[in-house]
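With our numbering applied, the sequence shown corresponds to residues 2 to 923, in that order. Structure first, then comments.
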Amino acid sequence: MSEAQDPKWLRKFLKAQYVGVYQLKDSQGNEIYHIFETCPPKNEYPDYYEMIKKPVSLNTLKKRVPHYNEPQEFVRDIVQIQWNAKTYNTKDSIIYEYATILDNYIKEEIIPTLKEYFSEVRYPYLGPLPDPADEQEQLKYKKEDDEQAILEAKPIVEEKKKRKRRTRREIEEDERRQRNIKNGIIDQHDTSIEPESRPASRLGSEMDEPPNGNKVPRLDSLKNFSAYSPMSEPQSRSTTPQIEDNSPYIRPSKPKRHIKRGRPPVIDLPYVQRIKLVLKNLRREVDDTGAPITQDFMRLPDDPSYNTVIQFPMCLDEIKKKIKKRAYKDFESFQYDFILMVRNYKSFYRSNPIAIEKANDLENRFNLFAKQELSKPDTDYMPGGELRLPLDSVEYNGVMYNIGDWVLIKNPNDPNKPIIGQIFRFWSTPNGEKWLNSCWYYRPEQTVHRVDRIFYKNEVMKTGQYRDNLIQDVVGKCFVVHFTRFQRGNPVGYEGPLFVCEFRYNESDRAFNKIRTWRACNPEEIRDQEEITTPIPGRKFFKYPSPLRHLLPPNATEHDPVPTATPGVQNAPPLIGAVYLRPKQERDDLGEYSTSDDCPRHIIRPGEAHKPGIIDMDTGTISFSSTNTSMPKISSSSMTHILEAREPSVSSTTRNFNNVPQPNKMNTEANNHPLQSSLANVSSSTVISRIMGNGPLTVQKLKMIENFRLRQQIDQRQQMKKAQASKYNKTTNLGNLIEQVSKTDSTPILIDAPSTYVLPVSITKHIEAVQRTDDNNHIRLVESSKDETNITKNERGNVLWFRGPSISIKERLFNSGNEYTQSPLNRWVKQYKRQKLDTVNTTNLNMDFEEVEESITQGKTDADADADADADADATNDEDDISSDEESTSLTCTYPLGLRPSTAYMARKLRLFQDTINNLSS
Numbered sequence: 002m003s004e005a006q007d008p009k010w011l012r013k014f015l016k017a018q019y020v021g022v023y024q025l026k027d028s029q030g031n032e033i034y035h036i037f038e039t040c041p042p043k044n045e046y047p048d049y050y051e052m053i054k055k056p057v058s059l060n061t062l063k064k065r066v067p068h069y070n071e072p073q074e075f076v077r078d079i080v081q082i083q084w085n086a087k088t089y090n091t092k093d094s095i096i097y098e099y100a101t102i103l104d105n106y107i108k109e110e111i112i113p114t115l116k117e118y119f120s121e122v123r124y125p126y127l128g129p130l131p132d133p134a135d136e137q138e139q140l141k142y143k144k145e146d147d148e149q150a151i152l153e154a155k156p157i158v159e160e161k162k163k164r165k166r167r168t169r170r171e172i173e174e175d176e177r178r179q180r181n182i183k184n185g186i187i188d189q190h191d192t193s194i195e196p197e198s199r200p201a202s203r204l205g206s207e208m209d210e211p212p213n214g215n216k217v218p219r220l221d222s223l224k225n226f227s228a229y230s231p232m233s234e235p236q237s238r239s240t241t242p243q244i245e246d247n248s249p250y251i252r253p254s255k256p257k258r259h260i261k262r263g264r265p266p267v268i269d270l271p272y273v274q275r276i277k278l279v280l281k282n283l284r285r286e287v288d289d290t291g292a293p294i295t296q297d298f299m300r301l302p303d304d305p306s307y308n309t310v311i312q313f314p315m316c317l318d319e320i321k322k323k324i325k326k327r328a329y330k331d332f333e334s335f336q337y338d339f340i341l342m343v344r345n346y347k348s349f350y351r352s353n354p355i356a357i358e359k360a361n362d363l364e365n366r367f368n369l370f371a372k373q374e375l376s377k378p379d380t381d382y383m384p385g386g387e388l389r390l391p392l393d394s395v396e397y398n399g400v401m402y403n404i405g406d407w408v409l410i411k412n413p414n415d416p417n418k419p420i421i422g423q424i425f426r427f428w429s430t431p432n433g434e435k436w437l438n439s440c441w442y443y444r445p446e447q448t449v450h451r452v453d454r455i456f457y458k459n460e461v462m463k464t465g466q467y468r469d470n471l472i473q474d475v476v477g478k479c480f481v482v483h484f485t486r487f488q489r490g491n492p493v494g495y496e497g498p499l500f501v502c503e504f505r506y507n508e509s510d511r512a513f514n515k516i517r518t519w520r521a522c523n524p525e526e527i528r529d530q531e532e533i534t535t536p537i538p539g540r541k542f543f544k545y546p547s548p549l550r551h552l553l554p555p556n557a558t559e560h561d562p563v564p565t566a567t568p569g570v571q572n573a574p575p576l577i578g579a580v581y582l583r584p585k586q587e588r589d590d591l592g593e594y595s596t597s598d599d600c601p602r603h604i605i606r607p608g609e610a611h612k613p614g615i616i617d618m619d620t621g622t623i624s625f626s627s628t629n630t631s632m633p634k635i636s637s638s639s640m641t642h643i644l645e646a647r648e649p650s651v652s653s654t655t656r657n658f659n660n661v662p663q664p665n666k667m668n669t670e671a672n673n674h675p676l677q678s679s680l681a682n683v684s685s686s687t688v689i690s691r692i693m694g695n696g697p698l699t700v701q702k703l704k705m706i707e708n709f710r711l712r713q714q715i716d717q718r719q720q721m722k723k724a725q726a727s728k729y730n731k732t733t734n735l736g737n738l739i740e741q742v743s744k745t746d747s748t749p750i751l752i753d754a755p756s757t758y759v760l761p762v763s764i765t766k767h768i769e770a771v772q773r774t775d776d777n778n779h780i781r782l783v784e785s786s787k788d789e790t791n792i793t794k795n796e797r798g799n800v801l802w803f804r805g806p807s808i809s810i811k812e813r814l815f816n817s818g819n820e821y822t823q824s825p826l827n828r829w830v831k832q833y834k835r836q837k838l839d840t841v842n843t844t845n846l847n848m849d850f851e852e853v854e855e856s857i858t859q860g861k862t863d864a865d866a867d868a869d870a871d872a873d874a875d876a877t878n879d880e881d882d883i884s885s886d887e888e889s890t891s892l893t894c895t896y897p898l899g900l901r902p903s904t905a906y907m908a909r910k911l912r913l914f915q916d917t918i919n920n921l922s923s
């Protein structure tokens, strides 16, 4: 094969011509490629897409270069770029000038260079141009090129005629061979058919029942393409191929053990790959209108009468499902279903000639592609000439491993830290070795991250590394749970250590992206499996500092380049990662950094205070719900030790609080239980030890321990409320507000309302007593109310509206004066669905929320999910949920068109205006 016939060489050669466009400059030395890099935005230039039917840009060309099979296709696309620019733009525009430069480069450089290797390359005529001079030049160039093409095409035409005659003879020979096979006659002189191969009648007469056992109509006219397979390279038909030592195409080869992949490898038998390639080629085919020829066959018709007319329905979606489930045991089974689908379509639309023509076109192209794939030897579907038999599971050391399992793999860099991986593929080789392909998950110390990044306990990050390992490299099983699921509770039925994953890690960019759709990260075989979780409501998660923070250089600055990880051996994660310094993140909705000003309320950062609860040191969580206090049945000897480990004592938890006082004694007045009254002044661990005693564990003791812990939590909450209530007085509140206002450059906005003004900042500290603009009115309302049950307490963040403006305005609002668009002042403001921490203090808000995992679309792969991961990273802004007041009358605004200035301010402005008039008059 010459270089010009090598597809890889061709694409590399075309890429060199494409790159040359980026070197073109105008007379002033300006690069011209910026104009043609992308197509005009459709929303800004809708007329462009009405005039230009084939928009092409340099970015489009960049995507197509790796897929060109003919150089003429490349020439047509690059000429289309300048033709579109000349057609849409006027001749005196700069874009038209740049298009002329590009056109000259194509004619003088690209086409002559291509003709040295491909004499058939021509400058295409794409249509008339608006400018007559350019059109004449285009026609002249086309005429000269056509004349030269006629001279060069004579020997080619003669050769094509010879090929056509040979092709006609081959077709006649094939038809004769098919007739002989159908009649059961084997031509002894025909060397293209195996004497032992099954005839085509297997599909017509023998295959009256598909694999599911349901009898279907005979399809006698199904073609058998086995005759096109060379006898020396027989087609694989069985599920388990029979390998012979003297086979001419099975050669022992050293497996490639250290291949970096961005997705799992294709591990299919040759006949399965043939099936997939046939469908892939059919999906690319289009009809005369440009529509895919398979679009009418993807799903069954919606007509209710279809199932009554067609006894055995079949569509391409059903065929794809059977391929994924490996239901086809040979190519003929797939061929049977495909022809059945076409026959059903013809039968249902037998009175529609257009539909019949579509079905015939699809069937003809299917026969063409099937013949093409079956004519190839099995070695074409074996990478490196090595046969890989796919497996669903592998047993090793008495443990059964299945696709989708998380496993620990030997780490050559650090045997104490095995690699965490999820199995995507299993296969075996002719020498008896069993292999697996897994997606690797990195530990924090194996990544490059900011020095202030914090991590969950046992957190790992999903990578794009899909590596091959022998089954002997597997250490054991483990489990990785997505953080969204882990928020709801603990997984059930897993083996080995538990890891948590919330982010994917991009090694090339050293960036972390939140995983929005966990199902897309898993193999297709387990995506539909239900995840069983033990609910644990109301728990929070500790985060821990970076294990590599000590590696930050003493002279590090915020402008240092991002470092790289230290590599180790070839088939292993990095030996160690690195850290770097960056400015503080003002907004941290995911709680990734310890230095940011805000943090989600379900995360406890290092050093932050937290209320007492049940701490699980193994998972790094703390629970506050009483439903979490149930304990499993275990021996009494280890009961005390486990309770002391899971339940920190009051004295130990008090040290974690900075400003919140903790009670040292239990409140015995609220509980008359004699045991708890006698243990009021004793620590938690001592109380539990006394309850346990020396006897065995009983149900009564478990209930006593549970009641004690519940009572302890209630008393602690009451003490905390009393301590915080002492801070809610007007003096402290006003002092906090004055201090906050003094730190800003804004001045108060005066409002024309009695004894009211608006602060130019958001109020975030202890604002219970100053949330109302008319406190006396609220007191009178409470005193006059007969039904005290309807009087609700003014909770934190619940702003009450009365006559007059609010005391917190985030932006100036202008009122159009329209009563339908004007919001009344006595509206009720509901809570945010998700409060911002820098706007509202949510410490005591009983508003728990959890993330909801996004749904996965059909056919979305992990690689597609990687491309979409950054798109949702900043989508965190919530809108206010505001409803109208339920009163019968609405209090109108005190301003007609915006904020109305105060009387004093208006008087001052009038005085200044009068002084200006007096000065001018004098």
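Yeah, the Cβ is synthetic: ideal placement off N, Cα and C, and Gly gets one too. Nothing here was measured: the structure is a model prediction, and the numbers come from that model.
Proximity winner among the options, relative to residue i (alpha-carbon distances)
i           : options            : result
residue 428 : 400, 405, 389      : 389
residue 107 : 72, 349, 512, 592  : 72
residue 594 : 619, 14, 620, 550  : 550
residue 533 : 487, 31, 301       : 487
residue 68  : 45, 11, 54         : 11
residue 933 : 699, 308, 625      : Look at the range of the chain in this structure, 2 to 923, and you will see that residue 933 is not part of it.
residue 465 : 619, 699, 443, 322 : 443
residue 369 : 282, 345, 319, 470 : 282
residue 33  : 333, 95, 17        : 95
residue 555 : 581, 905, 317      : 581
residue 100 : 112, 87, 336       : 87
residue 364 : 343, 374, 552, 396 : 343
Residue i and residue j closer than 7 Å at C-beta
i           : j           : result
residue 404 : residue 424 : yes
residue 382 : residue 265 : no
residue 491 : residue 535 : yes
residue 520 : residue 268 : no
residue 511 : residue 449 : yes
residue 55  : residue 83  : no
residue 57  : residue 27  : no
For residue i, the three-state DSSP class (helix, strand or coil)
i           : result
residue 922 : helix
residue 52  : helix
residue 916 : helix
residue 35  : helix
residue 301 : coil
residue 412 : coil
residue 507 : strand
residue 617 : strand
residue 435 : strand
Nearest-angstrom Cα separation, counted from residue j out to residue i
i           : j           : result
residue 703 : residue 688 : 13 Å
residue 691 : residue 706 : 10 Å
residue 31  : residue 524 : 50 Å
residue 453 : residue 439 : 31 Å
residue 115 : residue 140 : 21 Å
residue 45  : residue 66  : 28 Å
residue 299 : residue 358 : 17 Å
residue 619 : residue 597 : 27 Å
residue 393 : residue 569 : 32 Å
residue 514 : residue 507 : 8 Å
residue 920 : residue 912 : 12 Å
Contiguous alpha helix (DSSP H) assignments of at least 4 residues, all confined to the stretch 106-132: For the stretch 106-132, whole alpha helix (DSSP H) runs of length 4 or above, ordered along the chain, are 112-116.
Go through the stretch 311-380 residue by residue and report every complete run of the alpha helix (DSSP H) that reaches 4 residues or more, in order. Those alpha helix (DSSP H) runs which fall completely within the stretch 311-380 and span 4+ residues are 317-325, 332-349, 354-375.
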